[in-house]
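Down below is the structure, laid out as structure tokens.
Numbering (the working numbering), first residue to last: 596 to 901.
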């Protein structure tokens, strides 16, 4: 029997096997954390394999095609979980709005309710969004934003070279074919247009959350690092203009602390004693120094070169 060769979804180059994830453990984690059953969104397999692209460091999952359909997101976001999915205030929104320099037209891919585009001056910038969620389209449309019910791959076919800037905040990690997604984003840009992308930062504390449901299929189907975003320059017709890591946000301090304690504290009575003695001090340290600690998100800006 011939062994299947797993190639990178970005470069079609060589990969290395990293680990295996039990499908039972994954479904149990989703059920425990988010009260949803994901079995309908997964094939009938016992394990999901994790691979890393040798050229870019991108991590991805096999089998492919594990990205959740709209019905998965509707179920996931139906309850209180939706509060984190469509936040109006995000670090990357504030920074992204400052990075727009002379752009007369902006397309936000996966615009949700239009929170980012709403921050832009409509008298100076033509604002467009792509959103497949009916709830998101309704909210964004109510803010005066022109929203299309299309993916970027569909939209780019008839809109090559249309926009000064294309943005995609926390979208790339959700798509099965990141290469086609990036190619379409770049195609939609005018010559010298800019592409602004944010992804979860798997260089930071997220890398220690090996069974965090929302960083695994069917929610996230690729895992990105700073080096991966830097490597895109050698693959696509873009130059890297700017890249920055989000500082640890106050809202994520408890998550960060729990992750570090689970990772580094030994188990048993001694660990409980350590936590009792030093947990409060660690919390105070994180609150005072969060601006110097790498947080949840990486934001990168590219300029189209051809």
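All residues carry an ideal CB built from backbone N, CA and C; glycine is no exception.
Model, not experiment: these values are computed from the prediction.
Continuous beta strand (DSSP E) stretch holding residue i: start and end
i: residue 693; result: No beta strand (DSSP E) holds residue 693; the alpha helix (DSSP H) holding it covers 686-694.
i: residue 764; result: 758-764
i: residue 893; result: 889-899
i: residue 657; result: 654-657
Presumed contact (8 angstroms Cβ cut-off) between residue i and residue j, rounded CB distance
i: residue 807; j: residue 897; result: Not really, about 28 angstroms apart at Cβ, beyond 8 angstroms.
i: residue 817; j: residue 768; result: 5 angstroms
i: residue 618; j: residue 603; result: Not really, about 23 angstroms apart at Cβ, beyond 8 angstroms.
i: residue 694; j: residue 843; result: About 21 angstroms; that fails the 8 angstroms criterion.
i: residue 885; j: residue 848; result: 6 angstroms
i: residue 878; j: residue 852; result: 6 angstroms
i: residue 692; j: residue 721; result: That pair is no contact at about 15 angstroms.
Environment of residue i [buried if 16+ CB atoms lie within 10 Å]
i: residue 740; result: buried
i: residue 733; result: exposed
i: residue 675; result: Legend: pLDDT at residue 675 = 48, less than 50; position of this residue unreliable, no value from coordinates given.
i: residue 895; result: buried
i: residue 613; result: exposed
i: residue 718; result: exposed
i: residue 679; result: The predicted model places residue 679 with a pLDDT of 49, which falls under 50 and marks its position as unreliable, so this point remains unresolved.
i: residue 632; result: exposed
i: residue 762; result: buried
i: residue 659; result: exposed
i: residue 901; result: exposed
i: residue 630; result: exposed
i: residue 751; result: buried
i: residue 620; result: exposed
i: residue 758; result: buried
i: residue 793; result: buried
i: residue 627; result: exposed
i: residue 899; result: buried
i: residue 737; result: exposed
i: residue 656; result: buried
i: residue 799; result: buried
i: residue 779; result: buried
i: residue 887; result: exposed
i: residue 875; result: exposed
C-beta atoms of residue i and residue j nearer than 8 angstroms
i: residue 665; j: residue 727; result: yes
i: residue 667; j: residue 813; result: yes
i: residue 704; j: residue 715; result: no
i: residue 892; j: residue 841; result: yes
i: residue 616; j: residue 646; result: no
i: residue 747; j: residue 776; result: yes
i: residue 744; j: residue 783; result: no
i: residue 636; j: residue 663; result: yes
i: residue 889; j: residue 810; result: no
i: residue 823; j: residue 653; result: yes
i: residue 742; j: residue 724; result: yes
i: residue 606; j: residue 781; result: no
i: residue 634; j: residue 622; result: yes
i: residue 735; j: residue 697; result: no
i: residue 821; j: residue 801; result: no
i: residue 760; j: residue 731; result: no
i: residue 713; j: residue 764; result: no
Start and end residues, alpha helix (DSSP H) containing residue i
i: residue 622; result: 618-629
i: residue 668; result: 665-671
i: residue 640; result: Residue 640 -> no alpha helix (DSSP H), and no H or E assigned at all.
i: residue 748; result: 747-752
Residue i beta carbon near the ligand GTP (any heavy atom closer than 7 angstroms)
i: residue 709; result: Only the bare structure without any ligand can be found here, which leaves the ligand GTP out of the picture.
In chain order, each beta strand (DSSP E) run of at least 3 residues that lies wholly inside the segment 702-744: List check, beta strand (DSSP E) in window: 721-725, 741-743.
Start-end ranges of the beta strand (DSSP E) lying completely within the segment 830-858, minimum 3 residues: When DSSP assignments are scanned along the segment 830-858, the uninterrupted stretches of beta strand (DSSP E) that are 3 or more residues long and fall wholly within it turn out to be 833-842.
Which parts of the segment 760-825 are runs of the beta strand (DSSP E), unbroken and 3 residues or longer, counting only runs that do not cross its ends? Runs of the beta strand (DSSP E) inside the segment 760-825: 784-795.
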